[in-house]
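Positions 670 to 1292 (this note's numbering) are the ones given, in order, by the sequence shown. Glycine is no exception: its CB is placed at the ideal position from the N, C-alpha and C atoms. The structure under discussion appears below in the form of structure tokens.
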Amino acid sequence: MSPPVRRDVLRVDLSAGTVTRERVPDDWRRDFLGGKGLGARYLYEELDAGTDPLGPDNRLALLLGPLSGYLPGESRYAAVTKSPLTGAFLDSYSGGSFADALAGALPEAFGLLIEGTADEPTVLTVRNDEVTLTEAGDLWGADTVDTDAALDGAVACIGPAGERQVAYATIACDAGDHHAGRGGAGAVMGAKRLKAVAVHSDPPDPPPALADLRDRYGAAYRDDDTGRWQAAGETVESVDFANEVGVLSTRGWQGGRFEDAGDIGVEAVREAATGRENADDAVPGGFRVDVPDGDSVPRGGTLMSLGAGLGIDDFDAVARLGAACDRLGMDVISAGNAVAWATRAADAGAIDPALDPDLAFGDADAAERLLSAIATRGTDLGDTLADGVAAAREREGADAVPTVKSMELPAYDPRGAAGMALAYATSDRGGCHRRARPVEREAFARDTWTTADRVRTVIGAQNVRSTLWSLVVDDFAGETMWEDLGAEWLAAVGLDHDPESLARAGERIWTLVRLFNVREGFDRADDSLPSLFEDPLPDGPAAGRTVDREAFEAMLDGYYAARGWSPDGRPTAALVERLGLVADDETPLAEVAVTAGRESGSTDTAPDDGTGRRDHHPHSREP
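As structure tokens, then:
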């Protein structure tokens, strides 16, 4: 028995109140796989340059991959849209029950492509391969926990932050335990007046061949360094690692080491935990802890950005702040940076301290008040910060907390690992550690890594993750697929790919996203870091280190050359041709974007580690 083959998308037009099923072009399925890649192809095809991310013409795609529902680890879905925080391409991912249910409910579809704006707040329901739209009624205004409780099925929803179009609002699943977190997909959902998507289905039942494959890969994952790492400490161990090597952003990027990290690190979490997510699985998920009005699952990003980043060493208080963001539907990394920016700006006299007179590092109560004000746009300061730190900096003139492409950075300080400077600067969705994390290797070999090492590592990770996120693979269990990039799995469902073609697909998808961003006006000037990283780190093992501007520019030159981009960051015509990035009429995509590279002298060769193979390290994970 063979599983159904995903060939379609369901297009939901909220303005017209219609749902139609359409076939995905065969060459799109072959070249872009699903998830991130397929979402990028739709956005490139259907959005004009300058489309308002919060307007009706933007698309919000909730997408699966060709293997969704069968893979080991936690099922995931991709939320793909144009970001209201950055104005760039956005792909954000969430685990939990929603992805499995969507895979079961739409066995022959990659998911939902949502456009338009509803007249009234709306709930979209998926059941038995059908989609219906109903009014949300009193659910508009409810937080993510109450919304989930009010609806049957597996729910993906927004909270107050999404309704008020906070630029880093999330889409929450499982009552706020899981989020498509970064970049503001929840704000796009709110602008479309889509409160929730509720899916009624069991996960798909894999045929015996796929079940055997899942068992084999699951066993390999349990024995892998990453599987053992996750079973022992999940992502909360990232706090201890970053502090140990001196790259833990502390008190609004004023240091690289938090003296009280042990109070909010992995041992503190274990001591406070009441259990684990998916506790019966061979590799359990996050730690559950008690918070007011329920429980919560704090992740590494919560403890780093809302703990060390705000100078808060009380684990219960940090967990409470994380739970508040989860209920409000707001990204913890951006939200923590927003509070840190306001605190530093107030300390420097750059904003009126009367806006929040009690704001101070270490004050969890003041931070919680400001988080609520941001999510509801309930005060002048909250309204300013709801549009992101870059927007607040532009309005108020206080340059205190770093962003790249207007996205707030996670808590790994690049001054302690120069490869992270390149990873942040070239990330396709803005300042992000999930495209590549060379810090996990470089931190232990700072003085031996060369520019070539950093370029090779960053490009390899970006390409591989573009492939795996198009298959929509669990970030952790997907470690077992880095060798063949899922070719064995795809063969089991009748899809003909080999590791080389999948490596090329990753490069093709990364390049297509770059073409999208170039069309939106992004160039080399946007692949940069704030000047504050030229100031030396004041403490910890990386004390005195900086991001040297000249060395960084040389590293960026090397990255562009290895990618086959022009010196200003445009993919060249030869690269576009080599990757087969063409429209239906066989003309190259984005001719205007590539002509600048024709005479640039850039190379058009693939990066020499395009397969993405790399050494495992027990810290090779992300919060």
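Taking the Cα positions, D1032 is about 7 Å away from I981. Along the region 1165–1209, the alpha helix (DSSP H) occurs as fully enclosed runs of 4 or more residues at 1168–1188, listed in sequence order. Shown here for Y837: same chain residues with a beta carbon closer than 6 Å to its own, the five before and five after excluded, namely L754, G853, D1000 and S1003 in chain order.
A Cβ-Cβ distance of about 7 Å is found for the pair L882 and W1158, placing them in contact under the 8 Å criterion. Taking 7 Å as the cut-off, the beta carbon of G978 is found closer than this to the beta carbon of G1005.
In the assembly as shown, P672 is a buried residue. Its beta-carbon has 16 or more other beta-carbons within 10 Å. In chain order, G925, R1084, A1212 and R1214 place their CB closer than 6 Å to the CB of L1206, counting only its own chain and leaving out the 5 sequence neighbours on each side. In the three-state DSSP reduction, W1158 falls in the helix class (H, G or I).
For the region 823–911, the full-length beta strand (DSSP E) segments reaching 3 residues or more read 823–826, 840–842, 847–849 and 863–869 along the chain. In terms of CA proximity to A1036, W1010 leads the group W1010, A1060 and I1020. In summary, G1190 is exposed, with fewer than 16 beta-carbon neighbours lying within 10 Å of its beta-carbon over all protein chains present.
If you draw a 10 Å sphere on the C-beta of D1025, you find 16 or more other C-beta atoms in it, and that means buried.
The distance from the Cβ of G734 to that of L1140 is about 4 Å, consistent with a contact at the 8 Å cut-off. If you ignore the 5 residues before and after A1146, its C-beta comes within less than 6 Å of the C-beta of P741, G742 and Y890, all in its own chain and listed in chain order. Within the region 714–801, the beta strand (DSSP E) runs of at least 3 residues that lie entirely inside it are, in chain order, 729–732, 746–751, 758–763, 778–784 and 791–796.
With a contact defined as Cβ atoms closer than 8 Å, V688 and V868 miss out at about 14 Å.
Between A841 and G708, the C-beta gap is not smaller than 7 Å, which leaves the two residues out of contact. The C-alpha of R885 is placed about 19 Å away from the C-alpha of P1168.
Nearest in C-alpha terms to D788, of all of L1154, G686 and A730, is G686. Comparing C-alpha distances from A937 to each of W922, D949, V958 and G704 shows the shortest one belongs to V958. Secondary structure remark: continuous beta strand (DSSP E) runs of at least 3 residues inside the region 1044–1116: none found. Here DSSP, grouped into helix, strand and coil, assigns T1256 to coil.
Boundaries of the alpha helix (DSSP H) around E936: V935 to A941.
When the beta-carbon positions are compared, G1233 and L1250 stay at least 7 Å from each other. P877 counts as exposed, since fewer than 16 other beta carbons sit within 10 angstroms of its beta carbon. Less than 7 Å divides the Cβ of I1043 from the Cβ of L1054. The alpha-carbon separation between T1119 and R1218 amounts to approximately 16 Å. Counting along the chain, the unbroken alpha helix (DSSP H) around T816 starts and ends at T813 to A819. Checking the DSSP bridge columns, you'll see W1234 partnered with P1240. Measuring C-alpha to C-alpha distances from V792 to each of D798, L863 and G738 identifies L863 as the nearest. Within the region 951–981, the beta strand (DSSP E) runs of at least 3 residues that lie entirely inside it are, in chain order, 956–960 and 963–965. Excluding five sequence positions before and after Y711, the CB atoms of its chain that fall closer than 7 Å to its own CB belong to R728, A730 and L782, given in chain order. Around the beta carbon of A1087, 16 or more other beta carbons sit within 10 angstroms, so the residue counts as buried. In the DSSP assignment, V688 falls outside any alpha helix (DSSP H) and lies within the beta strand (DSSP E) extending over T687 to R692. The beta carbons of V905 and G969 sit about 5 Å from each other, so the pair counts as a contact at 8 Å.
Around D798, the same chain offers A774, L775, P776, E777 and A778 as residues with beta carbons nearer than 8 Å, after the five sequence neighbours per side are excluded.
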